[in-house]
Amino acid sequence: MATVVVQQQQTFRHTTPPPSSISPALNLNRSPSPVPNKHLPICPTGQSPVAQSEHLSPIPDGHAQTSSLLYPPDNFTRLPAEYTVYSIDAETLAAALDHLASQPLPDPNHVFPWLHGLHPENQYQLCFFTNRKRNFQQLPKCWRGITLVKLGGDLTKAKLKGAVAPEEVLSLSDSQFFLADPQEGLGIRNFHIQTAKLAPLSDIVIYAEDGLKSKDLLDVAGKIASAQHDWNTKNRPGLERHFNTFILSSWCQPTVSCSGDRRHLTFARYIS
61 MATVVVQQQQ
71 TFRHTTPPPS
81 SISPALNLNR
91 SPSPVPNKHL
101 PICPTGQSPV
111 AQSEHLSPIP
121 DGHAQTSSLL
131 YPPDNFTRLP
141 AEYTVYSIDA
151 ETLAAALDHL
161 ASQPLPDPNH
171 VFPWLHGLHP
181 ENQYQLCFFT
191 NRKRNFQQLP
201 KCWRGITLVK
211 LGGDLTKAKL
221 KGAVAPEEVL
231 SLSDSQFFLA
241 DPQEGLGIRN
251 FHIQTAKLAP
261 LSDIVIYAED
271 GLKSKDLLDV
281 AGKIASAQHD
291 WNTKNRPGLE
301 RHFNTFILSS
311 WCQPTVSCSG
321 DRRHLTFARY
331 IS
């Protein structure tokens, strides 16, 4: 007699269902979302606050140069130097910086894309902006700034806020402004070149670290004035509103008690 043995498979049952590796809500057939450009900020919809406020404080002429208390320099003392260098005191400099800060910013269309950096040999940069702007290499005529330069010492302990070293804007070997435009690559920000880009479009005020000789200060000021002269001749021929170089002739130390002197109080805001 044959014996039939039936093997029963053991059935395992889970008290809880296993997690599904695929979410039921996931649609596998949908097209993938494009990767966002991380370089572009997320902006709210609607009209920008700048555009909304333009009608409140319009600039009469977008190409009109920013007004400055340093031009014309007729009331400033000219120092003995090969090139034109003027003397400026602390009170006048403080007033000039206050005045500049109160001026409206120029229309971005008049300073960009020039301020991005457009090197004549950088084909990527030129092609990118040529398709978007006309007159993309035109120098802005609407800006007249003030660049503060400190000779010697540590810039982290500069007495004037925002001061830069002479080497950041000028090649001291040949007394020429730097060509800061990147020669290769594509960049639509290039914040690091803007100090050197705007220096030729500014009146430059230079002062020295305590202990340096006045002769050294006058020598560097002369090189800056020489660079301004050459730059004005090359880029702004026939224009009278040239940019000038000034040497800070007076100083108010922050430790001095001058609470009753409004002149010193005003200037103290620019001390770092």
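Just so you know, we're using the numbering used here here: the sequence shown kicks off at 61 and counts up by one. All C-beta atoms, glycine included, are put in the ideal place defined by N, C-alpha and C. In this text the structure is predicted, and so the values were computed from the model without any measurement.
| message | So, for R90: in the same chain, excluding its five sequence neighbours on each side, which residues have a beta-carbon less than 6 angstroms away from its beta-carbon? | response | The pLDDT assigned to R90 is 48, lower than 50, so where the model puts this residue is not dependable, and the model offers no usable value.
| said: Starting from I253, trace the beta strand (DSSP E) in both directions and tell me its first and last residue. | reply: For I253, no beta strand (DSSP E) encloses it, and the DSSP letter there is neither H nor E.
| From which residue to which residue does the alpha helix (DSSP H) around G210 run? | One point to set straight first is that residue 210 is Lys, not Gly, in the sequence displayed. Counting along the chain, K210 falls outside any alpha helix (DSSP H), though it belongs to the beta strand (DSSP E) covering G205 to L211.
| Nearest candidate by alpha-carbon position, reference G282, set I264, L272, G271 and L215 | I264
| query | Is there a Cβ from chain B that is less than 9 angstroms from the Cβ of T207? | reply | In the structure shown, chain B cannot be found, because there is only a single protein chain.
| query | Going straight from the alpha carbon of K217 to that of A268, what length do you get? | reply | Cα to Cα, the separation comes out at about 12 angstroms.
| task | Give a yes or no on contact between the stretch 201–210 and the stretch 125–135, applying the rule of three or more CB pairs nearer than 8 angstroms. | result | yes
| said: Comparing C-alpha positions only, which one of L272, Q243, T255 and L277 sits nearest to I183? | reply: A small fix is needed here, since residue 183 is Gln in this sequence, not Ile. Out of L272, Q243, T255 and L277, Q243 has the C-alpha closest to the C-alpha of Q183.
| query | Does the beta-carbon distance from N295 to L199 come in below 9 angstroms? | reply | Judged by beta-carbon spacing, L199 lies within the 9 angstroms limit of N295, meaning their Cβ atoms are closer than that value.
| Nearest-angstrom Cα separation, counted from S286 out to E142 | 9 angstroms
| task | Have a look at N304, I266 and N169 and flag the residue whose alpha-carbon is nearest the alpha-carbon of K221. | result | I266
| Which of the three DSSP states, helix, strand or coil, is assigned to A34? | The question about residue 34 has no answer, for the chain in this structure spans 61 to 332.
| query | Can you list, in chain order, the residues of its chain whose CB lies under 8 angstroms from that of F251, leaving out five sequence neighbours each side? | reply | none
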